[in-house]
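For the sequence shown, our numbering assigns the number 42 to the initial residue and increments by one for each residue that follows.
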Amino acid sequence: MELRLIMLAMRVLDPRKWRLRLAQVGVAGAVGGYVTVRAINDAELVRAVRTERWARRNAELERRLAERTERYLAG
């Protein structure tokens, strides 16, 4: 029984496995951080493009409305 516990402790505390696990956690954390930062930056860019597109669309709609109003008032 004691031998099994010692073997289990050796497997659990094996420094090679812990280094691998820490490396995996570090890589996963780095990738997660990169994805989060990228998503935030991309969201700002997408919002800027969308705002620009909406501004152009609104300007076009206002121009059309002005033309129609002008034609309506002209006769």
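Note that the Cβ used here is the ideal one computed from N, Cα and C, for glycine as well.
Between the CA atoms of residue j and residue i - distance to the nearest angstrom
{"i": "residue 48", "j": "residue 87", "result": "55 Å"}
{"i": "residue 46", "j": "residue 53", "result": "10 Å"}
{"i": "residue 79", "j": "residue 100", "result": "31 Å"}
{"i": "residue 82", "j": "residue 98", "result": "24 Å"}
{"i": "residue 56", "j": "residue 64", "result": "12 Å"}
Please specify which runs of the alpha helix (DSSP H), each continuous and at least 4 residues long, are wholly inside the stretch 53-110, giving them in chain order.
none
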